[in-house]
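Colleague: Protein chains in written order, with this note's numbering: chain A, 17 to 96; chain B, 142 to 891.
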Amino acid sequence: MAVVVFSSALAQHTGGAGRVEIEAARVADLVKALCERYPGLRGHIDKMAVAVDDEVHSDARFVRLKPDSEVHFLPRIGGG
Amino acid sequence: MSERKFKQVGTRPIRHDGLEKVTGRANFGADYSLPGMLQGAVLRSPHAHAKIVSIDTSPALEVEGVKAVISGRDFPIPTREGDRQQYGDVPDLANNVIARDKVLYHGHAVAAVAATTIEAAQRGAEKIRVEYEVLPPVLDIESAIAPDAAILHDDLVCQGPAPVPSSPTNVARRTLLSGGDIEQGFADSDVVVEREFTTPMVHQGYIEPHATVVETLENGNVTIWCCTQGPFAVRGLTASVTGIELSKIKVIPSEIGGGFGGKTTIYLEPLAVELSRRSGRPVKLVMSREEVFRATGPTSAGRVRVKMGARKDGRLVAAEVVMYYEAGAFPGSPVGAGCMCALSAYCFDHFVIDGYDVVTTKPRVAAYRAPGAPIAAFGVEQVVDEVAERLGLDPIELRLLNAVQENDVAPYGPKYQAIGFRETLEEARKHPNYSATLGPNQGRGVASGFWFNAGLQSSASVHMNEDGTAIVTTGNPDIGGSRAAQAIMVAEELGIGAEQVVPLVGDTESAGYTDLTGGSRTAYATGMAIIEASQDIVRQLRERAAKIWGVELDGVAWEDGRAVPSNGAASDVEPLNLAEIAAQMGATGGPIVAQAAVSPPMAGPGFATHLCDVEVDQETGKVTVLRYTTVQDAGKAVHPSYVEGQMQGGAAQGIGWALNEEYIFDENGVVENPGFLDYRMPVASDLPMIDTVIVEVANPLHPYGVRGVGETPIVPPLACVANAVAAATGKRFTDLPISPPRVLAAIDGD
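1) Please state whether DSSP places Asp619 of chain B in a helix, a strand or coil.
2) Look at the Cβ atom of Pro854 of chain B, then the Cβ atom of Ala778 of chain B, and state whether they are nearer than 9 Å.
3) Between which two residues does the beta strand (DSSP E) containing Lys425 of chain B stretch?
4) Considering Ser381 of chain B, what are the terminal residues of the alpha helix (DSSP H) in which it resides?
5) Could you tell me the distance, in whole angstroms, from the CA atom of Arg376 of chain B to the CA atom of Ser651 of chain B?
6) Closest to Asp701 of chain B by C-alpha separation, out of B:Ile637, B:Ala625, B:Asn594 and B:Val194, would be which residue?
7) For Ala478 of chain B, which option in B:Pro746, B:Tyr246 and B:Ser712 has the closest C-alpha, if you only look at C-alpha atoms?
8) Could you list the residues in the segment 595-611 of chain B with a C-beta less than 7 Å from some C-beta on chain A, going in chain order?
9) When you compare each of B:Ala867, B:Asn606 and B:Ala380 to Gly731 of chain B by their alpha carbons, which one comes out closest?
10) For Ala867 of chain B, which three-state DSSP category applies?
11) By Cβ distance, which residues of its chain are closer than 6 Å to Glu337 of chain B, with the 5 residues on each side in sequence left out?
12) Please confirm whether Leu26 of chain A has its beta-carbon closer than 9 Å to some beta-carbon of chain B.
13) Return yes when the Cβ of Pro858 of chain B is within less than 9 Å of the Cβ of Gly791 of chain B, no when it is not.
14) What does the Cβ neighbour count give for Thr761 of chain B, buried or exposed, with the cut at 16 atoms within 10 Å?
15) So which residues on chain A does Ser319 of chain B lean against when the C-beta distance must stay under 9 Å?
16) Quick check: what's the CA-CA separation for Ile831 of chain B versus Glu432 of chain B?
17) Might you give, ordered along the chain, the residues of its own chain that have their beta carbon closer than 6 Å to the beta carbon of Val681 of chain B, omitting 5 neighbours on each side?
18) Of all the CB atoms in chain B, is at least one closer than 9 Å to the CB of Pro91 of chain A?
19) Along the chain, where does the alpha helix (DSSP H) that runs through Lys503 of chain B open and close?
20) Here's a check: name, in chain order, each residue in its chain whose Cβ is nearer than 7 Å to the Cβ of Ala25 of chain A, leaving out the five neighbours to either side.
21) Using a beta-carbon distance below 9 Å, is Gln226 of chain B in contact with chain A?
22) Got a sec: is the Cβ-Cβ distance from Ser74 of chain A to anything in chain B below 9 Å?
23) Taking only beta-carbon atoms, is Gly653 of chain B less than 9 Å away from chain A?
24) Taking 6 Å as the limit between beta carbons, can you name the residues of its chain near Pro536 of chain B, skipping five residues before and five after?
25) By Cβ distance below 6 Å, which residues in the same chain neighbour Asp495 of chain B in space, the five residues on each side in sequence not counted?
26) At the level of alpha carbons, what is the spacing between Thr658 of chain B and Gly890 of chain B?
27) Please determine, among B:Arg430, B:Ala507, B:Ile239 and B:Gly795, the residue with the shortest C-alpha to C-alpha distance to Thr770 of chain B.
28) With 16 as the cutoff for other CB atoms within 10 Å, does Glu640 of chain B come out buried or exposed?
29) For Glu37 of chain A, which beta-bridge partners are listed by DSSP?
30) Between the segment 872-888 of chain B and the segment 324-341 of chain B, are three or more C-beta pairs nearer than 8 Å?
31) Going by beta carbon distance, what residues of the same chain come within less than 6 Å of Ile397 of chain B, once the five residues before and after it are set aside?
32) With 16 other CB atoms within 10 Å as the buried threshold, where does Phe593 of chain B fall?
33) Could you tell me how far apart the beta carbons of Leu409 of chain B and Met428 of chain B are, in whole angstroms, since I believe they sit closer than 8 Å?
34) Under 7 Å Cβ-Cβ, which residues of chain B neighbour Asp70 of chain A?
35) Sort B:Arg430, B:Val692 and B:Ile196 by Cα distance to Leu818 of chain B and report the nearest one.
36) According to DSSP, Leu645 of chain B sits in a beta bridge with which residue or residues?
Next comes the structure, spelled out in structure tokens:
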């Protein structure tokens, strides 16, 4: 199962859980499952960049997850 | 990847756009004209904060030559349905382009006029009657977050982790990152340094003001000529603001006289579109320098408090960083990026990074080169310097002891892949400038910096001419040498010279969708698309050679720009060069064209270390930069001269930010220095030759190892200069700019 590591800010919506294991094939599935488990995450993680196995994607919805993938949600970064 | 032996990558060919630029032939935004074109003028708010009670535009139409007048009411009410995630909040953008019900800064657009001459347009604008209900301006962070602050947006509710205000507020968002046990970290520290820093609002200072020409046709089609970092962004945002179907808008980017992030959004285009629609004629709008200062997006003013603890052995243990960034009139300061960058160069077991996005009645901020990072680094890198001083350690040695490297965890979550921070520190320590002798009243500073490199979407097309030369087209305006780099990449793959490749910037109908030139992404992401398309061209060239020789594809190899026999096939034939194959395109299958599209993850981040020597005039307080050295990891420098130029340009802008630049507002929120005479940017005579050292630690995500290089170089200079001045004076300067009066006051304080 993929491991999701939450920042301290997002952990406010997970009852304080900083690491969560979840079964999902793609990031979109993972986001859906997380929002069902922790409704407070809705509206937050679906607008964030996602790091999957240390590669950061601006729009990660269709990025496939490996059984041992590690996932982080990050603020989206722009640039000049 | 990095082991590949390059023939073109790493060379320094003459830039493809050079001749047109040095001879004045290149067309910038204001250079376009069309038959029957009208000139536009914008009426701007005389107040920093006011409700618009009424607008009467009819008197303007009575002015001879005026053909159209518009106000905010002439645009659709903006909705969030049109939000494009990569470009921010559309309603806020629309309300910034032209105010509807409320003006939120002095200079906010209120109405616009198109007329047969610019004088008539300006006279028409002066005739417009606007009744305002003036409200108190909110001009700094302290007054914005005060309990009795005037609220800019009645519907603004703070987002982010608790505790945040639950009622309308001027704090738009809180960002929080943390790890370990911060209290324990400080308890375990032998040395703790704590300081608060402030930086003023500053502008990118691009030399070319915003300009656009718009033509609308009877069928509703719109063509926009403008100077921009992203024609597709202009198309999408203009569609959202005007309500015009995206497919009816064509954007043709001009040459661009600097952007640095400031031309990643729109200001004039929707106004010109609406004026053109109403008048039935092309309309040109060009900002004055004063309008650029008053009504486009500078970067945030910031307040940063840094507390840092370290052990006697030099190990950094704990850091707490609290940051407030001004967003100007609408939410969206780069404080989130500031949070992610603040401590990303060093390993801390215990940290808290707490950031607040605060609205004020000032121009809405826009991106500026590594948005948010220089402000954070100004505080953090000075405290790192002071920790080194307190421990009696060399500042580079302390940084080396704590520098992040591959597989270290960034404060924002993931692990770093291959990065070159330590290498920049080692090179800086070896540089002769680090051991140069200093005289009286002179001091040396060191600072490092970190910035992400964006990925996003890119496409490229490559096609062959009949004579064997090639053309590459992308949708990225060239703001920092991308055309030369793109030509080099095509040349590298095809095995020809970069001068045999013509790099073009396409418009939104001739190039595939491409995100804007920004975020240090173009050489990285668009470069990947170019390499992929070029490799497809090579495959096709081999196919054509195979057809000419009557062999299978695997009987043809591509070497040094020629098809050569391989695998023992066709060993009796002469190699075919590119021109010979291209000349036979018609007989072998038709034109040779290729395209590719990518949407890669963010590139490996870039790190830099800078050195600065200054001399402080004890009588005037003037700081003179004697030597300045930038060392940066470029991954792989495709055109080293351009990489060096980026490093020097970023350093120059950062030095200006450190020593002189600031928006000065009066008590009513009016910018008092909206011109280059009073807004002092460094010119060539202010600076020494900036020395550069390129470090190349390959980015594993790019086929050549390329990292973006455009933004990282502006991250260290603010702190680097401040550290040098501190070394020269014995005074720590925590407020920018470090201008002569401020220096003199500190010296006289003795």
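Ideal Cβ placement from N, Cα and C applies to all residues, glycine included. Since the model is a prediction, treat every value here as computed from it, not as a measurement.
Modeller: This is what the structure holds:
1) To locate residue 619 of chain B, count along the second sequence from 1; it is residue 478. Taken through DSSP and simplified to helix, strand or coil, Asp619 of chain B comes out as coil.
2) Counting from one through the second sequence, the residue named residue 854 of chain B turns up at place 713. Counting from one through the second sequence, the residue named residue 778 of chain B turns up at place 637. No. Outside cutoff.
3) Against the second sequence, residue 425 of chain B aligns to sequence position 284. Looking at the DSSP string, the run of the beta strand (DSSP E) that includes Lys425 of chain B is Val424 to Val427.
4) On the second sequence, residue 381 of chain B is found 240 positions in, with the first residue counted as 1. Pro372 to Thr383 is the extent of the alpha helix (DSSP H) around Ser381 of chain B.
5) The count along the second sequence starts at 1 and reaches residue 376 of chain B at position 235. The count along the second sequence starts at 1 and reaches residue 651 of chain B at position 510. Roughly 14 Å between the two C-alpha positions.
6) Position 560 of the second sequence, counted from the first residue, corresponds to residue 701 of chain B. Considering only alpha carbons, the answer is B:Ile637.
7) Position 337 of the second sequence holds residue 478 of chain B. Comparing alpha carbon positions, the residue from B:Pro746, B:Tyr246 and B:Ser712 closest to Ala478 of chain B is B:Pro746.
8) Within the segment 595-611 of chain B, the residues whose Cβ lies closer than 7 Å to any Cβ of chain A are, in chain order, Ala595, Gly596 and Leu597.
9) As a first step, residue 731 of chain B is located in the second sequence; it is residue number 590 there, counting from the start. Measuring from the Cα of Gly731 of chain B, the nearest candidate turns out to be B:Asn606.
10) Residue numbering aside, residue 867 of chain B sits at position 726 when the second sequence is read from its first letter. It is helical.
11) Counting from 1 along the second sequence, the entry for residue 337 of chain B is found at position 196. Cβ neighbours of Glu337 of chain B beyond the five flanking positions: Arg446.
12) As a working mapping, residue 26 of chain A is identified with position 10 in the first sequence. Residue contact check for Leu26 of chain A against chain B: a CB pair falls below 9 Å.
13) Numbered from its first residue, the second sequence carries residue 791 of chain B at position 650. Numbered from its first residue, the second sequence carries residue 858 of chain B at position 717. Yes, the pair counts as a contact, with Cβ atoms nearer than the cut-off.
14) Here residue 761 of chain B is taken as the residue at index 620 of the second sequence, counted from 1. Exposed is the call here.
15) Within the second sequence, numbered from 1, the residue matching residue 319 of chain B stands at position 178. Neighbours of Ser319 of chain B on chain A, chain order: Ser23, Ser24 and Ala25.
16) Along the second sequence, read from residue 1 onward, the residue named residue 831 of chain B stands at position 690. Along the second sequence, read from residue 1 onward, the residue named residue 432 of chain B stands at position 291. The alpha-carbon atoms of Ile831 of chain B and Glu432 of chain B are separated by roughly 32 Å.
17) The count along the second sequence starts at 1 and reaches residue 681 of chain B at position 540. A small fix is needed here, since residue 681 of chain B is Gln in this sequence, not Val. Excluding sequence neighbours, Gln681 of chain B sits near Ile733.
18) Looking up residue 91 of chain A in the first sequence gives position 75. Closer than 9 Å to some Cβ of chain B, the Cβ of Pro91 of chain A qualifies, so yes.
19) For this step, residue 503 of chain B is matched to residue 362 along the second sequence. That residue, Lys503 of chain B, is in no alpha helix (DSSP H); it is neither H nor E in DSSP.
20) By 1-based counting over the first sequence, the position of residue 25 of chain A is 9. In the same chain as Ala25 of chain A, and ignoring 5 residues on each side of it, no C-beta atom comes closer than 7 Å to its own.
21) For the purposes of this step, residue 226 of chain B is identified with residue 85 of the second sequence, where counting begins at 1. Because Gln226 of chain B sits at a pLDDT of 46, beneath the cut-off of 50, its placement in the model cannot be relied upon, and the point is left open.
22) Locating residue 74 of chain A in the first sequence gives position 58, counting from the first residue. Ser74 of chain A counts as touching chain B.
23) Within the second sequence, the letter at position 512 stands for residue 653 of chain B. With its beta carbon at least 9 Å from every one in chain A, Gly653 of chain B lies outside the interface.
24) In the second sequence, the residue the question calls residue 536 of chain B occupies position 395. Around Pro536 of chain B: Asp526, Ala529 and Val587.
25) Here residue 495 of chain B is taken as the residue at index 354 of the second sequence, counted from 1. Closer than 6 Å at the Cβ level, and outside the excluded window around Asp495 of chain B, lie Leu317 and Val463.
26) Here the question's residue 658 of chain B lines up with position 517 in the second sequence. Here the question's residue 890 of chain B lines up with position 749 in the second sequence. The straight-line gap from Cα to Cα measures roughly 47 Å.
27) On the second sequence, residue 770 of chain B is found 629 positions in, with the first residue counted as 1. It is B:Gly795.
28) On the second sequence, residue 640 of chain B is found 499 positions in, with the first residue counted as 1. Counting of Cβ neighbours within 10 angstroms places Glu640 of chain B among the exposed residues, the total staying below 16.
29) If you number the first sequence from 1, residue 37 of chain A lands on position 21. The partner list for Glu37 of chain A (beta bridge, DSSP) reads A:Val19.
30) Yes: the two stretches touch, three or more of their Cβ pairs being nearer than 8 Å.
31) Walking along the second sequence from the start, residue 397 of chain B turns up at place 256. Excluding sequence neighbours, Ile397 of chain B sits near Cys368, Pro618 and Ile620.
32) The count along the second sequence starts at 1 and reaches residue 593 of chain B at position 452. Classification for Phe593 of chain B: buried.
33) Counting from 1 along the second sequence, the entry for residue 409 of chain B is found at position 268. Counting from 1 along the second sequence, the entry for residue 428 of chain B is found at position 287. So it is a contact: roughly 7 Å between Cβ atoms.
34) As a position in the first sequence, residue 70 of chain A is number 54, starting the count at 1. Against chain B, the beta carbon of Asp70 of chain A has neighbours under 7 Å at Pro555, Lys556 and Gln558, listed in chain order.
35) Walking along the second sequence from the start, residue 818 of chain B turns up at place 677. For the residues B:Arg430, B:Val692 and B:Ile196, the minimum Cα distance to Leu818 of chain B belongs to B:Arg430.
36) Within the second sequence, numbered from 1, the residue matching residue 645 of chain B stands at position 504. B:Thr614.
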